[in-house]
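Colleague: Residue numbers (this note's numbering): 885 to 1534. Just so you know, even glycine gets a beta-carbon here, dropped at the ideal spot from N, CA and C. One structure follows; several queries about it will come next.
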Ligand code: MIC
Ligand code: SF4
C-alpha cells in the first residue's frame, strides 16, 4: 500500500514509536519559529534548560504581535528577544519585517522539513510541503534544545481538489468550504493532505492560506505537495536550491476523503462568532458594513494585495466605512510601494497599517459598538477585535475590497460594475533580508537584556495524590484561549505572569482571579469545569501558565483541543474528560470536589487513558472521568510539568 506524503515526511523524522494512526510518536524538528507574544516565555524556558546554543537546524524569532508599544513593556520584550537570539544562535526578524508565517514562507520554509512554531498558525508552512505544527513555547524550547516533539500519529484526510477557481473566488473561500464541512471541533489528531489536479492552479501563498486556516478545524496541520508551483515560488524568492519534489504515492490510502470542485466554490464568510459558522456571501449581500480590514497571516501576500489595489483603483471607500490594509511582510510592502499599488490604496482612502498582526489580535482598530466588521484574518471569536458587541465576518480579500467600496456586504459574483483585475505572474520577488539579524558563531559573551516587566516563569508543582478543591468556574462549550487569556490590550503582560494572571477568564467571569487566589491561600485547589472543545484557538501557553499560577490543578471538560491539552500537561495541570458527558450537570460552581489516588491512576496510564473518579462532596455524586493522555504526559504530570521532567531525565 502506498504512503501519503504526510507519512513519508513523518517517517523521515521519526525518532520514537510506530507510525500508525492513534499511537504516540516523537519526531525530529528541523526548524523552529517563535513570535514575540509567546517567544519571551519560550526563551526564558530555553534559558532555564542551561544549554549554550540552540541545537536544531534553524531557529527564527519574529517580532510581529506586540508592536503597538504603549508603555515600555513591548520594547523591553523586543530588546530581550534580540539579545537572547544573538546569545544562543537564533535568527532575529526585527519589528517591521512582517508577520512570522508570511516571512517564514518567503525566506525560510523548505519542502520536506519539519517546523515547530509557538503559534497555532505555523501550519501555514504546509503550503510549501512542510510538516509545520503549532505548539506551546515550552515544546519549542525543548525542540531548540535538540529534543524531539511528541505527538499522536495522525489520521490523514485527503482533500482532493479538481477544477479551477472562478474569477472572484479565492483560496479563502476554499478553506471556508473546508471549515463548513469539518467544523471547528472533533478533528483533533488529524492532518489534511491536499491532492488532485486542482492543485496546479493554486499558488504557494494560496496554498498557505488554506493551510493557515486549517488550524481553525483543530487539525495537527495541513499539507500540500511540493511540485512545479513550489519550485517556481522558491526560485522567485531566490531560493531555488531549497526545492525538492514531494508527493504522495499514487496508491496512497487515506482515512477519509473530501472532494472539492474548485469551479463550484462560491464566496463564503465565517459569521460571528466562530470561524466555523459558515454562510454563503450571497445570503449577506446588502448588509451595511462599518469596517473592512485586509491583512493578517491568512491573506496578505503580494498577489492578493496587488489585486486589492487594482480593485480599489479609481474608487473611494464608502463614506461610512473605515478600510485598513496591513501587508503581511516588508517584502510585500516594498513590492506594493514599487509597483504603485500602495498609491492606489492610499488614493482610495485606505489606511495603511504596519506589517504586523495588529487588528487580527485586537491590538488596534477595534470596531465601534455593534459595528459590522469584515476581515480577511482567521479568527472572529467574540471580543477578539476588542469590541464585544462587534459583528466580525471573515471573508476573502476580494469580498472585503468590494464591500469597502460599496459600503455593504458585496457578493463578488453578482453584478456590481467592477471588473476583475488581470492575474499577475511573479517571476521574482523583491528580496531584502536587511531586517533579519543573523547570530554570531559564538554568542557566549553577549549579555541578555531583561527589562523590569520580564519575570521568570513560575515553577509548576507535582500533582498531589489526593486533590481537594472547589469548582471555581463552570464554563460552557468552545471556551477559546482568548476567553482564558485575553490578548489585545492585555498582551503587554505576556512576560509577567503575576500581572497577566489578573486577567484570567476576564471575559467569562472577571471575579475569577480573586476567587482563585483566595482558594489558593486556603490551600484549596481550583478546578475548572467546561464543555466541549475546551482551549480552541491559540497556542498561547499562558492559558495554562496563568491558571497554574492561580492554583488550578484540574481541568475537567467534555473534550479538549490538541495544543491546549498539551500545554496543560506541560505545566502540570491534569486534563480530565467526563466519561459520560451528561455528568457535566452533576457539578455546580462552588461545589467541593475530590480526586483520590491520582498518582496510581497516572502510573497505570495505558493506551493513552488514565481512569479516575471525581467525588462531588457537596452533593454526594461520584463521577467517572478519564485523562486521555499519553504515557509520557502521565510522567510529565507526575514530575510536575515538562521543565521538571526534562531536568529529571537529563
Ligand atoms: C492568535 O492568532 O491567536 C495568536 C495571537 O497568533 C496566537 C499566539 C498567541 O496567543 O500569542 C496563536 O495563534 O497561537
Ligand atoms: Fe498574527 Fe493573527 Fe496570524 Fe495570529 S492569526 S499570527 S495574531 S496575524
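Can you have a look at residue 1147 and say buried or exposed, based on whether 16 or more other CB atoms are within 10 angstroms of its CB?
Modeller: Under this definition residue 1147 is an exposed residue.
Colleague: Ends of the alpha helix (DSSP H) at residue 1478?
Modeller: Run containing residue 1478: none in the alpha helix (DSSP H); it sits in the beta strand (DSSP E), 1476-1479.
Colleague: Does the beta carbon of residue 961 fall short of 7 Å from some heavy atom of ligand 1?
Modeller: No, ligand 1 has no heavy atom inside 7 Å of this Cβ.
Colleague: What do you reckon, are the CB atoms on residue 1016 and residue 1105 nearer than 8 Å?
Modeller: Cβ distance < 8 Å, so residue 1016 and residue 1105 count as in contact.
Colleague: Quick check: does the Cβ of residue 1181 come within less than 7 Å of any heavy atom belonging to ligand 2?
Modeller: Flag set: Cβ of residue 1181 near ligand 2.
Colleague: In terms of residue numbering, what span does the alpha helix (DSSP H) encompassing residue 1337 cover?
Modeller: Taken as a continuous stretch (DSSP letters only), residue 1337 belongs to no alpha helix (DSSP H), as it is neither H nor E.
Colleague: My output table needs one value for residue 1272: the three-state DSSP class, helix, strand or coil.
Modeller: DSSP places residue 1272 in coil when its eight states are reduced to three.
Colleague: Going by the C-beta, is residue 1095 closer than 7 Å to any heavy atom of ligand 2?
Modeller: The answer is no for residue 1095.
Colleague: So what does DSSP say about residue 1372, is it helix, strand or coil?
Modeller: Helix, per DSSP.
Colleague: Along the beta strand (DSSP E) that carries residue 1438, what are the first and last residues, could you check?
Modeller: That run of the beta strand (DSSP E) goes 1436-1441.
Colleague: Is it true that the CB of residue 1490 sits closer than 8 Å to the CB of residue 1417?
Modeller: Cβ atoms of residue 1417 and residue 1490: not closer than 8 Å.
Colleague: Would you tell me roughly how many angstroms separate the C-alpha atoms of residue 1475 and residue 1481, rounded to the nearest one?
Modeller: Approximately 20 Å, taken between the alpha carbons.
Colleague: In this structure, does DSSP put residue 1396 in helix, strand or coil?
Modeller: In the structure shown, residue 1396 sits in a helix (DSSP, three-state: H, G or I).
Colleague: Cβ of residue 1009 within 8 Å of Cβ of residue 1000?
Modeller: No, these two residues do not count as a Cβ contact at 8 Å.
Colleague: Here's a check: name, in chain order, each residue in its chain whose Cβ is nearer than 6 Å to the Cβ of residue 1197, leaving out the five neighbours to either side.
Modeller: The answer, listed in chain order, is 1228.
Colleague: Residue 1161 bridges to which residues according to DSSP?
Modeller: None, per the DSSP bridge assignment.
Colleague: How is the alpha helix (DSSP H) around residue 1433 delimited, first residue to last?
Modeller: Looking at the DSSP string, the run of the alpha helix (DSSP H) that includes residue 1433 is 1426-1433.
Colleague: Can you name, in chain order, every residue of its own chain whose Cβ lies under 6 Å from the Cβ of residue 1166, other than the five neighbours on each side?
Modeller: Cβ neighbours of residue 1166 beyond the five flanking positions: 1295.
Colleague: Should residue 911 be labelled buried (16 or more other beta-carbon atoms within 10 Å of its own) or exposed?
Modeller: Flag for residue 911 reads buried.
Colleague: Are the CB atoms of residue 1046 and residue 915 within a distance shorter than 8 Å?
Modeller: No. Outside cutoff.
Colleague: Is the segment 976-994 touching the segment 1349-1359, taking contact as three or more C-beta pairs under 8 Å?
Modeller: Touching, no, given that fewer than three Cβ pairs across the two stretches are closer than 8 Å.
Colleague: Please list the segments of the alpha helix (DSSP H) lying wholly inside the segment 1216-1290, counting only runs of 4 or more residues, in order along the chain.
Modeller: Correct list: 1225-1232, 1281-1290.
Colleague: In chain order, what residues of the same chain lie with their CB nearer than 6 Å to the CB of residue 1240, ignoring the 5 residues before and after it?
Modeller: Result list for residue 1240: 948, 951, in chain order.
Colleague: Report the residue from 930, 1446, 1530, 1440 whose alpha carbon sits nearest the alpha carbon of residue 1511.
Modeller: Comparing Cα-Cα distances from residue 1511 to each of 930, 1446, 1530, 1440, the minimum goes to 1440.
Colleague: List in chain order: all unbroken alpha helix (DSSP H) runs of 4+ residues lying wholly within the segment 957-1009.
Modeller: 957-972, 984-991, all fully within the segment 957-1009.
Colleague: Near residue 971, which residues of its chain fall below 7 Å by C-beta distance, leaving aside the five closest residues on each side in sequence?
Modeller: So the qualifying residues of the chain are 1327, 1330, 1332.
Colleague: Decide if residue 1325 is buried, meaning its Cβ has at least 16 other Cβ atoms within 10 Å, or exposed.
Modeller: The residue is exposed, with fewer than 16 neighbouring Cβ atoms inside 10 Å.
Colleague: Is it true that the segment 1422-1438 meets the segment 1394-1406, where meeting means three or more beta-carbon pairs spaced less than 8 Å apart?
Modeller: Enough Cβ pairs lie closer than 8 Å, so yes.
Colleague: Compute the Euclidean distance between the alpha carbons of residue 1225 and residue 1218, then round it to the nearest angstrom.
Modeller: Distance between the alpha carbons of residue 1225 and residue 1218 is about 10 Å.
Colleague: Compute the beta-carbon to beta-carbon distance between residue 1478 and residue 1499, rounded to the nearest angstrom, for a pair I have assumed lies under 8 Å.
Modeller: Confirmed, Cβ separation roughly 5 Å.
Colleague: Does the segment 1453-1464 come close enough to the segment 1297-1315 that 3 or more CB-CB pairs lie under 8 Å?
Modeller: Counting Cβ pairs under 8 Å, fewer than three are found: no touch.
Colleague: What three-state label does DSSP hand residue 1420 in the structure shown?
Modeller: In the structure shown, residue 1420 sits in a strand (DSSP, three-state: E or B).
Colleague: Please confirm whether residue 1162 and residue 1033 have their CB atoms less than 8 Å apart.
Modeller: No.
Colleague: Among 1126, 962, 1037, which one has its Cα closest to the Cα of residue 901?
Modeller: Among 1126, 962, 1037, the Cα nearest to that of residue 901 belongs to 1037.
Colleague: Is any non-hydrogen atom of ligand 1 found closer than 7 Å to the C-beta of residue 1098, if you look at the structure I gave you?
Modeller: Because no heavy atom of ligand 1 lies under 7 Å away, the Cβ of residue 1098 does not count as near it: no.
Colleague: Between which two residues does the beta strand (DSSP E) carrying residue 1034 extend?
Modeller: That run of the beta strand (DSSP E) goes 1033-1036.
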